[in-house]
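Here the protein sequences line up with chains P, C, U and R, keeping their order. If you're matching positions, the first sequence starts at 24 in our numbering and goes up one per residue. If you're matching positions, the second sequence starts at 70 in our numbering and goes up one per residue. If you're matching positions, the third sequence starts at 154 in our numbering and goes up one per residue. If you're matching positions, the fourth sequence starts at 47 in our numbering and goes up one per residue. A virtual CB, placed ideally from N, CA and C, is assigned to each residue, including glycine.
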Amino acid sequence: GDFKPAVVFDMGGKFDKSFNEGVYNGVERFKSEAGTKYREFEVTNETQREQAIRKMAQRGSNPVLGIGFAQGPAIEKVATEFPDTNFAIIDMVVDKPNVQSIVFKEHEGSFLVGVLAAMASKSGKVGFVGGMDIPLIRKFACGFAQGAKHANADVEVIQNMTGSTPSAWNDPGRGAELTKGQFDRGVDVVFAAAGGTGIGVYQAAADAGKYAIGVDSNQNHLHPGTMLTSMLKRVDVAAYNVFKSSSEGKFVPGMNVLGLAEGGVGWALDEHNEKLISAEMKAAVDQAEADIIAGKIVVQDYMSDNKCDY
Amino acid sequence: MEDLINIAISTLAGTVRVSTPLILCAMAGLFSERSGIIDISLEGKMLAAAFVAAGVAYVTGSAWVGLGGGILIAVGLSLLHGFACITHNGNHVVSGVAINILVSGLTVVLGVVWFHQGGQTPTLPQEARFLPIHFPLAETLSEIPVIGPFYAKVISGHNLLVYLAFALVAVTSWVVYKTRFGLRLRAVGENPNAVDTAGISVTFLRYRAVMICGILTGIAGTYLSVAQNASFVREMSAGQGYIALAAMIFGKWRPVPAMLACLMFGFLDAVSIRLQGVVLPGIGEVPVQFIQALPYILTVVLLAGFIGKAIAPKAIGVPYVKER
Amino acid sequence: MSTKVKKPLPVWADVALIPLINILLALFVAGLIVLAIGEDPFEALEILILGAFGYEESLGYTLYYTTNFIFTGLAVAVAFHASLFNIGGEGQAYIGGLGVGLILLALDGILPFWMLLPLAIMAAALFGTAWVAVPAYLQAYRGSHIVITTIMFNFIAYFLMNYLLVDVIKAPAQMSPESRVFADNAHMPFMHEILGWFGIETAATPLNGSLFWAVVCCIFVWIFIWRTRWGYMLRTVGQNESAAQYAGIDSRKIVMVALGISGALAGFVGMNEVMGVHHKVLLNFVAGYGFTGIAVSLMGRNHPVGIVLASLLFGILYQGGAELAFEIPAFSREFVVAIQGLIILFCGALTYMCKPWIEGLFYMLQSDPKPAEKEA
Amino acid sequence: MANTETLVEMVQPESESSPAAINLRGISKAFGPVQANDDVNLSVPKGTIHGIVGENGAGKSTLMSILYGFYEADRGDIYISGKKTKIKNSTDAIKAGIGMVHQHFMLVDNFTVLENIMLGAESGAMLSGSIAAARTELERLEREYGLFVNLDAITEELPVGEQQRVEILKALYRGAEILILDEPTGVLTPQETDQLFKILDSLRSQGVTVILITHKLREIMAITNNVSIMRQGKIVADRKTSETNREELAELMVGRKVRIEIDKDDPNPQAMLLDVDNLTVTDSQGIDRLDHVSFGIRAGEIVGIAGVSGNGQSELLEALSGIQPVSEGSFVLNGVTVNANNPKDAAEIRDLGCAHVPEDRLRLGLVKTFNAAESSILGYHLDPAYNGRILTKPDAIRNHCADLMESFDVRPRDPSLKSANFSGGNQQKLILAREMKDKPSVLLVGQPTRGVDIGAIEFIHKQIVAMRDEGSAILLVSVELDEVMSLADRILVMFEGRIVGEVSGKDADEKTLGLMMANALPRNNKQKQEGQA
Ligand SMILES: Nc1ncnc2c1ncn2[C@@H]1O[C@H](COP(=O)(O)OP(=O)(O)OP(=O)(O)O)[C@@H](O)[C@H]1O
Ligand SMILES: Nc1ncnc2c1ncn2[C@@H]1O[C@H](COP(=O)(O)OP(=O)(O)OP(=O)(O)O)[C@@H](O)[C@H]1O
Ligand SMILES: [Mg+2]
Ligand SMILES: [Mg+2]
């Protein structure tokens with residue numbers, strides 16, 4: 024059909040300081056460049072996903088972009104009902120002829136920042152703060168731990184999860200407390216994959232003069248000097264590309280796995296943190312990147328088998 | 070041994086930080102409920118205050134003005150609650166629920182409109198925050214084993230609002246038990262008729278009570294966004310208002326016990342944070358969720374085990390109408 | 154004779170007129186806000202109403218939400234009649250859903266639907282009750298305040314479910330922390346399917362058979378509270394505990410019973426969500442229905458009829474609100490939430506604000522007030 | 047109706063000039079449909095005691111509440127010592143020097159006596175100062191009027207008699223020039239009443255003006271200067287006490303002749319239905335509230351318990367009715383033994399054919415928010431007569447209630463009226479009717495006529511005697527000595543949880559009983575042995 028882009032954000036909302044927000048930035052960029060408006064909806068409960076996606080399709084939106092693994096079943100269902108509409112989903116695989124599935128190798132990106140963390144750490148202890156304890160977040164944690172161990176076999180990785188309700192994504196206070204707790208146990212570099220909760224983590228690090236690592240988008244600017252780097256997950260690019268390609272009538276259904284090789288994940292180096300990344304750190308991380316791309320290093324993906332035994 | 074002590078001390082320090090907003094809210098709830106007004110909108114008031122305080126502090130660059138803003142909005146909401154419950158005999162719980170919902174929506178809406186950061190307020194510069202205060206000798210003394218670090222980390226090194234919170238507990242129990250206002254406050258929650266026939270305005274008395282409640286929740290909210298953190302994040306009160314309510318009941322509507330309940334909860338929380346991922350001999354790694362649930366489970370156990378029946382003020386939640 | 158004699162308001166004014174006026178007031182204030190953000194309040198109202206009733210699909214969604222609110226509203230109400238404040242509907246619903254899920258996961262391949270349905274209903278009730286049992290016991294026999302314990306048990310429920318879904322019942326080789334989907338014979342039929350059997354074609358919506366069960370529950374609660382001796386005892390305990398003791402009623406048992414039923418009712422939300430809509434156990438499907446139930450119950454004055462009406466209102470707010478957010482970009486979901494808050498405030502908390510005016514009006518309309526007949 | 051001017055002259059022998067302390071003009075007040083006060087005029091000269099009598103719901107309490115600013119009158123003016131005064135709330139009233147002791151006390155239960163008295167009259171923002179001041183002032187008042195109360199006692203733990211003294215002290219502490227007492231003696235013993243009247247007398251002599259509401263005409267005759275009679279919200283007559291008598295007043299109140307003494311023929315006691323043996327009830331503090339009490343009641347006799355309230359009568363009733371557990375000793379009810387090892391709850395006791403009319407009707411006897419019908423089966427709610435296998439039988443319950451109302455003349459006769467909206471007197475009749483309905487073999491009655499007007503008293507007493515004559519064993523607990531004396535065949539006197547004496551109903555006289563109740567009488571030979579006779 025003709026090009027009428029739409030996006031359905033997930034529970035976190037388009038300002039979740041995480042991948043929803045990444046998507047938001049991506050489609051906003053598209054809007055400003057192409058000047059085409061898009062329909063949007065933020066779901067507030069489980070049932071609205073399917074409702075919203077179907078509504079988009081009914082309204083002739085095309086393509087319809089869904090965010091997050093939770094929207095998988097809904098997309099699958101609606102995609103069957105509307106075979107002539109194109110759908111795309113981020114963070115989930117839906118096997119339909121009119122669906123493009125975009126998944127990221129978060130573990131690879133996490134691996135790299137793990138390497139940096141281990142090397143930046145003086146105490147030999149690095150920390151991870153997750154939002155809700157769900158497989159996706161364990162995937163981040165697992166990759167991060169592998170990277171750290173890779174750089175320094177006897178580094179200790181301390182992991183915390185914030186909570187078991189969606190509020191775990193918006194609890195900076197608790198994030199800060201978890202971080203302080205880790206600092207007290209000797210951690211001096213902490214990686215947060217916790218949406219809004221991360222704000223508290225980075226702040227705590229800044230207050231304590233220790234290193235923190237951002238996630239999803241480049242968050243180095245938040246606290247120049249203590250933001251060691253950010254693990255990039257380019258959902259913004261992915262979302263942008265979905266719209267762009269379809270606007271040019273080049274929408275391709277099927278799997279679209281974005282790892283280091285594809286530039287879908289990575290780590291951020293900019294004016295805010297260049298002073299923090301020593302030459303050897305950069306060398307090491309570049310090496311690791313090369314090895315992963317070359318397949319010399321295989322980073323264990325938690326979600327592949329629900330295990331993290333590296 | 071050495072780091073065991075460190076863990077212990079950092080846990081206590083964490084306890085103090087986590088308990089602070091709970092204590093402020095518990096005292097707030099105490100004033101309101103002692104006057105007979107049920108208040109489950111502590112959560113909402115705190116959230117609103119956090120938002121306004123952060124916003125104002127950012128715009129003016131002054132934590133103090135931020136505090137003022139936070140207090141103002143919280144008092145405003147208290148007055149709304151009072152208008153519904155005191156003036157119009159509305160249902161206290163519904164009014165509370167309404168305020169919570171209203172605030173959780175409005176903070177984000179206005180946040181987006183005003184600050185364009187998705188409901189978050191811009192990060193505050195250090196000078197616009199309440200920063201940790203380090204007591205004299207904290208550094209030097211910290212050499213002394215145990216006491217040193219304890220002094221440095223647990224006693225010293227918190228921001229002003231933390232100390233204010235504890236001071237306010239003392240003030241609260243003084244006001245409630247030692248002043249005329251306190252006497253009348255306790256009376257109006259038990260038997261408004263007695264207060265009325267004693268020539269005291271029930272309405273005015275209750276309004277004053279809820280306003281004090283507002284002031285305290287205002288401080289609590291400010292703590293969240295201007296002291297503990299450096300910006301407002303949507304829903305950042307994350308249920309602490311309810312915990313504070315529970316703590317206040319746990320303390321049987323009495324200031325010091327309520328504070329202890331908050332500290333207990335803060336402590337359990339701080340412990341659980343540090344227990345995450347520990348490997349118990351035999352059992353292996355305990356699931357995170359269990360550790361996280363620990364404070365809540367233990368609260369129930371303690372409540373059942375040691376705390377007797379909690380009797381609420383008799384007239385609580387009952388609108389005061391003479392002509393039945 | 155005194156001209157000042159005020160007639161009490163006629164019932165219809167009390168139960169129909171005043172709520173109506175409150176809603177209008179709420180909409181008025183909400184409208185002002187809508188104006189403030191530069192949108193057309195009337196258009197918004199139209200979308201809200203049409204979005205809730207306008208087309209068959211929307212009606213389905215509205216009633217689907219209503220179903221949940223009826224369950225949680227009734228749950229709160231039953232406890233309230235024993236003057237107990239069950240704030241734990243959230244957790245009980247969550248665990249109730251778990252119960253339904255476990256039964257269906259265990260038996261969906263094996264048993265036919267007509268056997269699974271009663272089992273599921275029982276499971277929902279049983280698990281919901283089980284989740285309130287401890288708080289209930291502590292309240293009855295240890296005097297531990299029900300509000301604290303149920304708040305705590307809400308949190309515990311979240312952690313438990315999170316653990317179970319991520320580490321235990323999560324279907325292997327699947328990214329999201331959810332159970333596998335039940336076999337088709339374990340699905341509560343959707344309303345459009347049911348109507349389909351009678352040859353009535355309607356749009357597909359999440360509305361399902363649970364609605365009927367909700368209605369049954371309403372009738373049950375009404376009968377139980379006002380037409381059985383247990384209800385009588387329950388209300389006695391709730392209204393005057395020493396009188397209950399004088400009457401030889403064991404208030405402890407009553408507390409257990411009241412909360413047990415309350416928990417069971419909340420548990421049925423789990424049935425609607427897990428068996429009726431998602432056909433799998435998943436994270437936070439309760440989405441605040443438990444808490445909103447408090448407002449629903451109190452706005453419905455703890456009476457099934459009132460609760461149905463209040464549930465409908467909330468259903469409208471949820472579905473119509475979603476439509477608003479969908480249709481008008483300027484309306485974020487948070488904006489809709491704020492509007493809901495306003496409406497609860499006016500319809501629930503400021504209920505009596507306009508009563509004096511109405512009474513005044515009525516008594517102005519009263520032609521020659523007749524001398525009030527005296528009693529005693 | 048006597049117009050006020052003439053009234054003022056007629057009751058003012060002394061100083062012609064000084065205006066009436068209180069002068070109410072055309073006061074009207076409606077509660078919803080009910081015209082509680084209807085164009086009431088009342089004038090009370092300074093330094094006099096003015097009685098107000100009237101049936102339940104006549105409007106007495108309302109009128110006084112208006113004078114005290116608790117309610118606002120719909121119409122009418124109030125003149126305090128000649129000066130027109132707006133009394134919008136209690137503050138105005140207190141300023142105008144008015145103090146009131148309400149029928150239903152206005153005390154904070156969990157406060158100490160001192161706190162209750164200070165409340166609203168504190169001397170400064172800090173309590174410490176006020177407390178000291180209040181103490182000295184109160185000790186003076188106590189001595190001056192002989193009104194002794196333990197200032198540090200928790201109010202709810204005090205017997206009603208003392209609670210009332212607290213209320214009076216409250217008023218005096220605020221320096222009341224005008225004192226209103228709404229049914230003060232309803233809860234007092236003769237001694238306490240005499241005590242109270244001495245106080246009122248000395249108050250009067252110091253120029254304080256007193257308004258006294260009571261249902262007891264003897265008291266009116268004893269202490270008042272003038273009396274006004276209310277009916278249906280109107281004042282139907284004013285009298286000089288010296289120029290009227292009980293019979294006339296009774297007639298004016300009820301609108302018909304009432305007989306004040308009841309006549310009953312001698313009892314003929316049959317089998318022992320209730321046999322109490324060393325019954326003991328120990329409270330949470332470990333104090334024996336009821337201390338090894340032994341007595342028996344036979345079919346066809348009324349045993350009365352006299353005593354200052356708070357000496358174990360309540361515990362006796364609650365233990366026998368299964369509300370309070372027995373700590374020690376036992377009682378045999380219709381052949382069934384109840385003791386610590388074999389406890390019975392209220393329901394089981396009822397099943398044993400023992401009905402209970404509780405002392406405190408609002409706390410125990412009914413549920414205010416229930417309608418009359420629902421309250422009328424309280425305690426009998428499991429009776430198959432009102433229950434199907436699952437559903438209750440609403441009609442059966444309504445008819446039952448209607449019967450009760452009919453048989454005991456409960457007004458208004460409306461089973462669907464909220465229990466709270468009946469006057470205490472009518473609430474009381476409903477409860478009595480309920481408990482007497484199935485002719486229980488044993489009937490426990492507490493304060494059957496507290497705060498009930500004479501018309502009703504007469505009726506209630508008749509019913510109780512009738513039950514006795516039908517062979518029930520009746521235990522009557524009352525602080526109304528003449529009630530006990532006129533009803534009981536045997537009178538046991540309780541003091542500090544023990545039975546300190548027994549006299550037969552015939553040769554009981556108020557004086558000796560009073561002394562026994564104060565335990566001031568050496569135990570005479572008249573006890574025990576004839577108890578079990
Ligand atoms: N709070 C109230 N709300 C509504 N109606 C009331 C209220 N108080 C009194 N009334 C009405 O006013 C009438 C007079 O009540 P009031 O209390 O003055 O009677 P009373 O003379 O004190 O009776 P009693 O002798 O039982 O004390 C009652 O019949 C009742 O209908
Ligand atoms: N909620 C109410 N609504 C209407 N009338 C009421 C209400 N409460 C009390 N009344 C009326 O007030 C009058 C006095 O009420 P109150 O409770 O003082 O009775 P009372 O004075 O104890 O009666 P009694 O003198 O028989 O003990 C009664 O006639 C009763 O009908
Ligand atoms: Mg009265
Ligand atoms: Mg009375």
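What's the gap between the Cα of C/V144 and the Cα of U/L503? As a position in the second sequence, residue 144 of chain C is number 75, starting the count at 1. As a position in the third sequence, residue 503 of chain U is number 350, starting the count at 1. Straight-line measurement puts the Cα of U/L503 at about 19 Å from the Cα of C/V144.
Residues of the region 125 to 157 of chain R whose Cβ lies closer than 9 Å to any Cβ of chain C, in chain order: So the close ones are N135, S136, T137, D138, A139, I140, K141, M146, H148, H150, F151, M152, L153, V154, D155, N156, F157.
Roughly how many whole angstroms lie between the Cα atoms of U/V449 and P/Q242? Against the third sequence, residue 449 of chain U aligns to sequence position 296. Against the first sequence, residue 242 of chain P aligns to sequence position 219. Here the alpha carbons of P/Q242 and U/V449 stand approximately 43 Å from one another.
With hydrogens ignored, establish whether the beta-carbon of R/Q149 is closer than 7 Å to any heavy atom of ligand 1. Along the fourth sequence, read from residue 1 onward, the residue named residue 149 of chain R stands at position 103. Relative to ligand 1, the beta carbon of R/Q149 is positioned inside 7 Å of a heavy atom.
Supposed contact pair P/N43 and P/G35 - C-beta distance, whole angstroms, cut 8 Å: Translated into the one-based positions of the first sequence, residue 35 of chain P becomes position 12. Translated into the one-based positions of the first sequence, residue 43 of chain P becomes position 20. About 5 Å; that satisfies the 8 Å criterion.
Going along chain R in order, which residues have a C-beta closer than 7 Å to the C-beta of C/G138? Position 69 of the second sequence holds residue 138 of chain C. Result: empty, since nearest Cβ-Cβ is about 30 Å, beyond 7 Å.
Helix, strand or coil for C/D108? Go by DSSP, reduced to three states. On the second sequence, residue 108 of chain C is found 39 positions in, with the first residue counted as 1. Correct three-state label for C/D108: coil.
Taking 7 Å as the cut-off, does the CB of R/K141 come closer than this to any heavy atom belonging to ligand 1? Counting from one through the fourth sequence, the residue named residue 141 of chain R turns up at place 95. Checking every heavy atom of ligand 1 against the Cβ of R/K141, none is found closer than 7 Å.
Does the distance from the C-beta atom of U/V422 to that of U/G191 stay below 8 Å? To locate residue 422 of chain U, count along the third sequence from 1; it is residue 269. To locate residue 191 of chain U, count along the third sequence from 1; it is residue 38. Contact: no.
I need the DSSP call for R/K507, collapsed to helix, strand or coil. Counted from its first residue, the fourth sequence places residue 507 of chain R at position 461. A small fix is needed here, since residue 507 of chain R is His in this sequence, not Lys. Helix, per DSSP.
Which first and last residues belong to the alpha helix (DSSP H) in which U/G473 is found? Here residue 473 of chain U refers to the residue found at position 320 when the third sequence is read from its first residue. Membership of U/G473 in the alpha helix (DSSP H) is indicated by the continuous run 457 to 480.
Tell me whether P/I76 sits in a helix, a strand or coil according to DSSP, three-state version. Position 53 of the first sequence, counting from 1, holds the residue named residue 76 of chain P. It is helical.
Is any heavy atom in ligand 1 found nearer than 7 Å to the beta carbon of R/V80? Here residue 80 of chain R refers to the residue found at position 34 of the fourth sequence. Within 7 Å of the C-beta of R/V80 there is at least one heavy atom belonging to ligand 1.
Residues of chain C with a CB under 8 Å from the CB of R/S487: which are they? Counting from one through the fourth sequence, the residue named residue 487 of chain R turns up at place 441. Simply none; closest approach about 38 Å.
Neighbourhood of P/M250 by C-beta distance below 7 Å, restricted to the same chain and skipping five residues each side: For the purposes of this step, residue 250 of chain P is taken as the residue at position 227 of the first sequence. Excluding positions up to five away in sequence, the list reads Y225, A235, G237, Q242, N243, H295, N296.
Give a yes or no on contact between the region 468 to 475 of chain U and the region 201 to 209 of chain U, applying the rule of three or more CB pairs nearer than 8 Å. Under the three-pair Cβ rule at 8 Å, the region 468 to 475 of chain U counts as touching the region 201 to 209 of chain U.
From what residue to what residue does the alpha helix (DSSP H) around R/E265 run? Counted from its first residue, the fourth sequence places residue 265 of chain R at position 219. Residue range 263 to 269 is occupied by the alpha helix (DSSP H) that includes R/E265.
Members of the region 175 to 189 of chain P that neighbour chain U once the beta carbon cut-off is set at 7 Å: Answer set for the region 175 to 189 of chain P: S187, T188, P189.
Close-in-space but distant-in-sequence residues of the same chain around R/G517 (CB under 6 Å, 5 per side omitted): Residue numbering aside, residue 517 of chain R sits at position 471 when the fourth sequence is read from its first letter. Sequence-distant Cβ neighbours of R/G517 in its own chain, meaning closer than 6 Å and more than five residues away, are A345, G346.
Check whether chain U comes within 8 Å of C/N298, counting only Cβ atoms and requiring the distance to be less than that. Residue mapping note: residue 298 of chain C aligns to position 229 of the second sequence, counting from 1. No, C/N298 lies away from the interface with chain U (no Cβ there is under 8 Å from its Cβ).
Using Cβ-Cβ distances below 7 Å, what residues of the region 338 to 370 of chain C are close to chain P? Per Cβ criterion, the list reads I342, R343, Q345, G346, V357, Q358, Q361.
If we define contact as Cβ-Cβ less than 8 Å, is U/H345 a contact residue for chain P? Within the third sequence, the letter at position 192 stands for residue 345 of chain U. Taking Cβ atoms only, chain P never reaches closer than 8 Å to U/H345, which makes this a no.
Tell me whether C/L93 is buried or exposed, calling it buried when 16 or more other Cβ atoms sit within 10 Å of its Cβ. Counting from one through the second sequence, the residue named residue 93 of chain C turns up at place 24. By the neighbour-count criterion, in which a residue is buried when 16 or more other Cβ atoms sit within 10 angstroms of its Cβ, C/L93 is buried.
If you scan the region 432 to 520 of chain R from start to end, which runs of the beta strand (DSSP E) of 3 or more residues do you find wholly inside it? Entirely contained in the region 432 to 520 of chain R, the beta strand (DSSP E) runs reaching 3 residues are, in chain order, 488 to 492.
Verify whether the separation of the beta carbon atoms of C/T241 and C/M96 is less than 8 Å. Within the second sequence, residue 241 of chain C is the residue found at index 172, counting from 1. Within the second sequence, residue 96 of chain C is the residue found at index 27, counting from 1. Yes. Within cutoff.
Which residue marks the beginning of the beta strand (DSSP E) containing P/M278, and which one marks its end? For this step, residue 278 of chain P is matched to residue 255 along the first sequence. For P/M278, the uninterrupted beta strand (DSSP E) run begins and ends at 277 to 281, by DSSP.
Check each candidate in U/G494, U/L518, U/Y516, U/C500 and name the one with the smallest Cα separation from C/A167. By 1-based counting over the second sequence, the position of residue 167 of chain C is 98. Of the listed residues, the one whose Cα sits closest to C/A167 is U/G494.
How about R/T415: is its Cβ closer than 7 Å to a heavy atom in ligand 1? Locating residue 415 of chain R in the fourth sequence gives position 369, counting from the first residue. Not so, every heavy atom of ligand 1 lies at least 7 Å from the Cβ.
Let me check understanding here. Comparing Cα to Cα, which of R/M172, R/G97, R/S532, R/E161 lies closest to C/K247? Your numbering for residue 247 of chain C matches position 178 in the second sequence. With respect to the C-alpha of C/K247, the residue from R/M172, R/G97, R/S532, R/E161 having the closest C-alpha is R/M172.
Is DSSP giving P/F151 helix, strand or coil here? Residue numbering aside, residue 151 of chain P sits at position 128 when the first sequence is read from its first letter. For P/F151, the three-state secondary structure derived from DSSP is strand.
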